[in-house]
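From first to last, the protein sequence lines stand for chains A and B.
Counting from 32, one number per residue, gives the positions in the first sequence under my numbering.
Counting from 330, one number per residue, gives the positions in the second sequence under my numbering.
For every residue, glycine included, the Cβ atom is placed at its ideal position computed from N, Cα and C.
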Amino acid sequence: MSPEQVALVRDSVRAMGPRMDAVADEFYRRVFARDPSLRAMFAGDLVTQRRKFADELQAIVTAIPDIGAFLDRARLLGARHSGYGVRTGHYRQFRDLLLETFAAELGDAWTEELAVAWHRAYDMVAEAMMMGVPRSTGASFFTR
Amino acid sequence: MATATAIGWPFVGRHGEVERVSDALDGGLLDAVVLTGSSGVGKTRLAQECLAEAESRGHRVAHVAATASASAVPLSALAPLLPVQMDLTDPHALFEAVRRWLHEQASGRRFVLAVDDVDLLDTVSVALLQFLLADGSLFVIATQRTDTRLPDVLESRWRSGRALRVRLDSLEKQSVETLLHFALGGPVSTAASEALWQASRGNVLYLRELVGCGQRDGTLVCADGVWRLTGPLTDSAGVVELVSRRLHGLDPQQRAVLELLALCEPLAVDDLLRHTPVDVLAELEAQGLIQVRLDGRRQDVTLTHPLHAEALQHAMPRLRARSLLLAQVERVEGYGARRRGDPLMLASWRLDATGTADPTLLVRAASLARFAHDLPRTERLAEAALRHGPDGLASLLLGEALHEQARYAEAEQVLAEATGGGAGPEAFRLVLARSLNLHHGLGDTRAARECLAGADGEAGDPARVAVDALLTGVTDTGAALELLGDAEPGTDPGRVLWLRSRATVLADAGRLADAAVAAERGFARHRQLDYRMVVSHPATQLVVLTEALREQGRLAEAEETAREGFRLAVADGIHSLIGAFPAQLGLVALTRGRVGTAERYFREALAHLRGGGRPPALVSGVTGLVVALAWRGALAADDPLLTLPDGELIAARGRGWALCAVGRQREAGQELRAAGGLAVGQGRLTLAVELLHDALRLGDPAAARELVGVTGVQGDLAAARLAHADAVLRRDPDALAAAARTFEQLGVDLVAAEVLVAAAELYRATGTPRSATACANQAATLVQRCEGARTPGLVTPVGHSPLTAREREVALLVAEGYSSKRIAAELFISVRTVDNHLQSIYTKCGVKNRSELAAVMGTAGAVPVREDERT
């Protein structure tokens, strides 16, 4: 991501901050409307799920500038999700729905630039999540 | 993280592919995945990630790389799979041992093996993979550069749906941006990521090189947490150029490690640490040039990318490579060469360094290569072994590898030298191999005999008997069959050789059906044989089988057999056989009378056969081509082909037809008849019948009488030839027509047409114009299939005017029962024109009305359209 994109994403999360629960609700509504079978993937009650989503989104977006913290956080998240049975196809599907949700929420403030920035941010989070538990990446064999 | 380094770049944009591979592994329906893509796109990395995923699911895994080195000892690429103590002399036991070991390791889950650059894998390794895949104990993840050839074992699995092919394209722009962000540990300016994307076009290796280069020369810097370019990227040299520039800038100690890896990778971490300070390795790792792979309990160091290995090998002076390799050999021997595959690796390294290695091991490795029909490697390994001094087995391997590559003169040199070397366990086999090379390869049967006399001590051995009979059969099939006897030997490889000789001699002697049985049996036995010394390739049996089938008139089967033989010979690169099968196909086409097709096959055969030696196949190929050209009237008097060898009986056919082509038809007939008589005297009855029948076709008056005397040749074709001769002697047109029908049913169209022309002539002479016209019409139909054949037998001597094309059309429609009106409509002509044609047809055919015409045409119309004509 470019620094400008990082800033755009961070600012839009701040702007949505007070309404984040409603945004989360709307996102899950869209997810289950698209594919009701996905409901089974989220075991707990939806209120908790919504809360977790809102927290995680804010936390991870804020973490982007500190790449180490960001990667650690995303990987943990990813490991949990792979436990839910989330596959790569789901990541793409969720991205489209999430961006649609934001667009609906932000109205005119949802610009082309912001859309591209969110696309990148989502991909970055998703890639980091899919890396899962650290394997070879980043670790040195000889200097540890 | 601000000081980002290139260590283990994150794995981005390919998780979907990992998922597909894991699904394939879990599903159990597939047993291989092939990752295809251009160099640097990330195939190896993907394979690595897939292995890690498989390992996390409880599979045992290993990662190996095939290399282009011609010196690589067979199987050395698969060293991690091989037992520590192994018996290379028995491939089956070895394969079986690997299979058992995998089963023990796998504990119910398939062993997952990643093979980089699978197209470079040696044939023996491929054979082992095939064995293990068939057994179900292995799952292979292979990488393959675009535009290389996939080994058959994987190609066929892919075709039958048992292998998945994943094409890797360059990373998309978004993925490149994400990758840069992770790898550099912070946001990247839009301009910088755009420039890096533009230059790399999503090739990960190139991207890494560009980033590393930019960091080193200070064009890519991190300021205030953002990565920016301070100037244009290093002028966009290609990735190879970038790699070599970078390797050039390393200090000597670092470079030495990389060079050693380029020659000997993978190397154990402990092994490297013995002679290299840890900080040198740490620095190389930090620069992303080397990586550590965990392979079970073993930790191996490899270069990060094959392209690095290539660049290093190219730039390395010969002497430097030599000293690095020898130092490595010394070290590994120093700790006892205890790891899996060590003996093979040692042999490969020594071979690379000095051109030779432990001769015992080299000979075993050569046997292994020969087992897998890897002839160039067999040659190289056996040659290297011989540098240590005489070795019967090595000479045998080398001589046979040369023979099968159709380098007969070189084979003779090697084998002659070795057979002079006195006794020894291989002496007998050397004599046999040399005899066969002299006979089959150099066409020198007399020298082959003299050579065989050197093994008189083994007189009763079935293999010796077989070779003796083969040589004897050239001039006396009766004596040859007596030598062979009827009792099939009980053990191989003598039995296989005996069956081949017997089939050959039987075919020559005219016992074609018996020959076909023997050849089929020989082929079946031969295929089960692992031991290929002296007996050569199983497809040799198919040459004889094709011949036996063709001479019986079983043309379709003969073609099928020759195609199968050609496929086998090409697949295994057996050049000594590759030319023989197109020649056989040419002979079948000739028998059918397809002169154009025959010419094409013979030309192809000659392209393969010309060069080393003068194998009998070459003589028969040249002969065939001459005959095909002569039958088409396309042979010039000064054609260089006409320098056919004298005295050789199979060339007589060519000499005869060549005379005919230049208008000396009478001499041609005499020549062919004389040769036929000679063949009878030698008991080569099949050839005799063919030659005498050719003489008969040229109108040689005595040929028919001689031909009817040659009985005992099995099969319908010979029977038809004899019936033809008999009909000519009796001047019986009905018998001629009957013989023609038999030829035609066998698919021998040209001869059938010639016989019909002769029948028509006799009918006309005996005042039966209707039958004459029927025969002439039928002959015309058959000649149309013969691709422009113009033999003397097709020429009608006296004023016979066959139907014009239009008249034929009209006549056939009449025979079908069409009215004049309907015919007119059908052919877009007037009714009046139809009737005019009809009058002319009645006159020519000697009939008075439609029903008589239908009867005449009915005979012609009864000629069915055959299968091969429909397509």
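Worksheet entry | DSSP beta-bridge partners of T365 of chain B | Here the question's residue 365 of chain B lines up with position 36 in the second sequence. According to DSSP, T365 of chain B bridges with B:Q473, B:R496.
Worksheet item: Any idea what DSSP makes of A135 of chain A, helix, strand or coil?
Response: Indexing the first sequence from 1 puts residue 135 of chain A at position 104. A135 of chain A: helix per DSSP, three-state reduction.
Worksheet item: Any C-beta of chain A sitting closer than 8 Å to the C-beta of G543 of chain B?
Response: Here residue 543 of chain B corresponds to residue number 214 of the second sequence, with the count starting at 1. Taking Cβ atoms only, chain A never reaches closer than 8 Å to G543 of chain B, which makes this a no.
Item to complete: Return the residue from the list B:L938, B:G369, B:V955 that minimises the CA-CA distance to G925 of chain B.
Response: For the purposes of this step, residue 925 of chain B is taken as the residue at position 596 of the second sequence. Comparing Cα positions, the closest option is B:V955.
Discussion item. For chain B, check one thing: does any of its Cβ atoms lie closer than 8 Å to the Cβ of R41 of chain A?
Written reply: As a position in the first sequence, residue 41 of chain A is number 10, starting the count at 1. Chain B contact via Cβ: absent.
Practice prompt. Excluding the 5 residues preceding and the 5 following E588 of chain B in the sequence, name in chain order all residues of the same chain whose CB lies nearer than 8 Å to its CB.
Written response: Numbered from its first residue, the second sequence carries residue 588 of chain B at position 259. L641, M645, R649, A650, L653, listed in sequence order.
Practice prompt. Report buried or exposed for S1148 of chain B, applying the criterion of at least 16 other Cβ atoms within 10 angstroms of its Cβ.
Written response: Position 819 of the second sequence holds residue 1148 of chain B. Classification for S1148 of chain B: exposed.
Discussion item. Assuming contact is defined by CB atoms lying nearer than 8 Å, are A1008 of chain B and L1020 of chain B in contact in what I supplied?
Written reply: Here residue 1008 of chain B refers to the residue found at position 679 of the second sequence. Here residue 1020 of chain B refers to the residue found at position 691 of the second sequence. Yes; because the gap between Cβ atoms is below 8 Å, this pair is in contact.
Discussion item. Using a Cβ-Cβ cutoff of 7 Å, what residues of the region 95-123 of chain A are near chain B? List them in chain order.
Written reply: P96, I98, G99, R118, T119
Item to complete: Report back the beta-carbon spacing between S677 of chain B and V402 of chain B to the nearest angstrom; my notes put them in contact at under 8 Å.
Response: Here residue 677 of chain B corresponds to residue number 348 of the second sequence, with the count starting at 1. Here residue 402 of chain B corresponds to residue number 73 of the second sequence, with the count starting at 1. The pair is a contact, with the Cβ atoms about 5 Å apart (cut-off 8 Å).
Worksheet entry | Spatial distance of S68 of chain A from R123 of chain A (CA atoms) | In the first sequence, residue 68 of chain A corresponds to position 37, counting from 1. In the first sequence, residue 123 of chain A corresponds to position 92, counting from 1. Their Cα atoms are separated by approximately 17 Å.
Fill in: Contact under 8 Å by Cβ, K848 of chain B with A832 of chain B
Here residue 848 of chain B corresponds to residue number 519 of the second sequence, with the count starting at 1. Here residue 832 of chain B corresponds to residue number 503 of the second sequence, with the count starting at 1. Note on identity: in this sequence residue 848 of chain B is Ala, with Lys being the wrong assignment. Yes. Within cutoff.
Worksheet item: Interface residues of chain B around R151 of chain A at Cβ under 8 Å?
Response: The sequence position of residue 151 of chain A within the first sequence is 120, counting from 1. Within 8 Å Cβ-Cβ: Q503, E506, T507.
Worksheet item: Which partner residues does D629 of chain B have in the DSSP bridge list?
Response: To locate residue 629 of chain B, count along the second sequence from 1; it is residue 300. DSSP, once it has assigned bridges, lists B:A597, B:R622 as partnering D629 of chain B.
Fill in: Given L411 of chain B as reference, the closest of B:Y1092, B:L457, B:L1091 once Cα atoms are compared
The count along the second sequence starts at 1 and reaches residue 411 of chain B at position 82. Out of B:Y1092, B:L457, B:L1091, B:L457 has the C-alpha closest to the C-alpha of L411 of chain B.
Item to complete: For chain A, find out if any of its Cβ atoms is closer than 8 Å to the Cβ of G345 of chain B; answer yes or no.
Response: In the second sequence, the residue the question calls residue 345 of chain B occupies position 16. So yes, G345 of chain B belongs to the interface.
Item to complete: Would you be able to state if there are at least three C-beta pairs under 8 Å between the region 458-473 of chain B and the region 362-369 of chain B?
Response: yes
Worksheet item: Under 8 Å Cβ-Cβ, which residues of chain A neighbour G274 of chain B?
Response: The requested residue 274 of chain B is not part of the displayed model; chain B covers only 330 to 1200.
Item to complete: Give a yes or no on whether 8 Å exceeds the smallest Cβ distance from S522 of chain B to chain A.
Response: In the second sequence, the residue the question calls residue 522 of chain B occupies position 193. Answer yes: the Cβ-Cβ gap between S522 of chain B and chain A drops below 8 Å somewhere.
Worksheet entry | Collapsed DSSP secondary structure at L288 of chain B in the structure displayed | Any question about residue 288 of chain B goes unanswered here, given that chain B covers just 330 to 1200.
Discussion item. Determine whether the beta carbon atoms of L958 of chain B and E928 of chain B lie at a separation below 8 Å.
Written reply: Numbered from 1 along the second sequence, position 629 holds the residue referred to as residue 958 of chain B. Numbered from 1 along the second sequence, position 599 holds the residue referred to as residue 928 of chain B. Yes. Within cutoff.
Worksheet item: Hey, how far is the Cα of I98 of chain A from the Cα of R537 of chain B?
Response: As a position in the first sequence, residue 98 of chain A is number 67, starting the count at 1. As a position in the second sequence, residue 537 of chain B is number 208, starting the count at 1. Looking at the two C-alpha atoms, the distance is approximately 19 Å.
Practice prompt. For V540 of chain B, I'd like the list of residues in its chain whose CB is within less than 6 Å of its CB, leaving aside the five on either flank, ordered along the chain.
Written response: Along the second sequence, read from residue 1 onward, the residue named residue 540 of chain B stands at position 211. So the list is empty, once near-sequence residues are dropped.
Worksheet item: In whole angstroms, what is the alpha-carbon distance linking F84 of chain A and Y115 of chain A?
Response: Reading the first sequence from its first residue, position 53 is the one you call residue 84 of chain A. Reading the first sequence from its first residue, position 84 is the one you call residue 115 of chain A. Taking the straight line joining both Cα atoms gives about 15 Å.
Fill in: Alpha-carbon spacing of L431 of chain B relative to G531 of chain B, whole angstroms
As a working note, residue 431 of chain B is residue 102 in the second sequence. As a working note, residue 531 of chain B is residue 202 in the second sequence. For L431 of chain B and G531 of chain B, the distance between alpha carbons rounds to 38 Å.
Discussion item. Could you give the first and the last residue of the continuous alpha helix (DSSP H) run that contains A1048 of chain B?
Written reply: Taking the second sequence and counting its residues from 1, the one referred to as residue 1048 of chain B is at position 719. Where A1048 of chain B is concerned, the enclosing alpha helix (DSSP H) stretches over 1045-1059.
Item to complete: Inspect the beta-carbon positions of L813 of chain B and A845 of chain B and report whether they are closer than 8 Å.
Response: Taking the first residue of the second sequence as position 1, residue 813 of chain B is located at position 484. Taking the first residue of the second sequence as position 1, residue 845 of chain B is located at position 516. No. Outside cutoff.
Worksheet item: Is R557 of chain B helix, strand or coil by DSSP?
Response: Translated into positions along the second sequence, residue 557 of chain B becomes position 228. Here R557 of chain B sits in strand by DSSP.
Worksheet item: If you compare alpha carbons, which of B:R491, B:G1038, B:G770, B:T1110 is closest to R736 of chain B?
Response: Residue 736 of chain B sits at position 407 when you count from the first residue of the second sequence. Minimum Cα distance to R736 of chain B is reached at B:G770.
Worksheet item: Are D56 of chain A and R81 of chain A close, meaning C-beta to C-beta below 8 Å?
Response: Indexing the first sequence from 1 puts residue 56 of chain A at position 25. Indexing the first sequence from 1 puts residue 81 of chain A at position 50. Yes, the Cβ-Cβ distance between D56 of chain A and R81 of chain A is below 8 Å.
Worksheet item: Given that a residue counts as buried once 16 or more other Cβ atoms are within 10 Å of its Cβ, and exposed if not, what is H768 of chain B?
Response: Translated into the one-based positions of the second sequence, residue 768 of chain B becomes position 439. H768 of chain B is buried by the Cβ-count criterion.
Discussion item. Distance check for P945 of chain B and K369 of chain B, CA to CA, integer angstroms please.
Written reply: The residue given as residue 369 of chain B occupies position 40 in the second sequence. The residue given as residue 945 of chain B occupies position 616 in the second sequence. Just to set this straight, residue 369 of chain B is Gly in the shown sequence, not Lys. Roughly 51 Å separates the two Cα atoms.
Fill in: Complete runs of the alpha helix (DSSP H) confined to the region 1132-1175 of chain B [at least 4 residues]
1134-1144, 1149-1156, 1160-1174
Worksheet item: Taking Cβ-Cβ distances shorter than 7 Å, what residues in chain A pair up with H1205 of chain B?
Response: Since the first and last residues shown for chain B are 330 and 1200, residue 1205 of chain B lies out of range.
Worksheet item: Over what stretch of residues does the alpha helix (DSSP H) that includes C1104 of chain B continue unbroken?
Response: One-based indexing of the second sequence puts residue 1104 of chain B at position 775. First-last of the alpha helix (DSSP H) with C1104 of chain B: 1098-1112.
Worksheet item: Are A898 of chain B and G953 of chain B close, meaning C-beta to C-beta below 8 Å?
Response: Reading the second sequence from its first residue, position 569 is the one you call residue 898 of chain B. Reading the second sequence from its first residue, position 624 is the one you call residue 953 of chain B. Going by C-beta atoms, A898 of chain B is not nearer than 8 Å to G953 of chain B.
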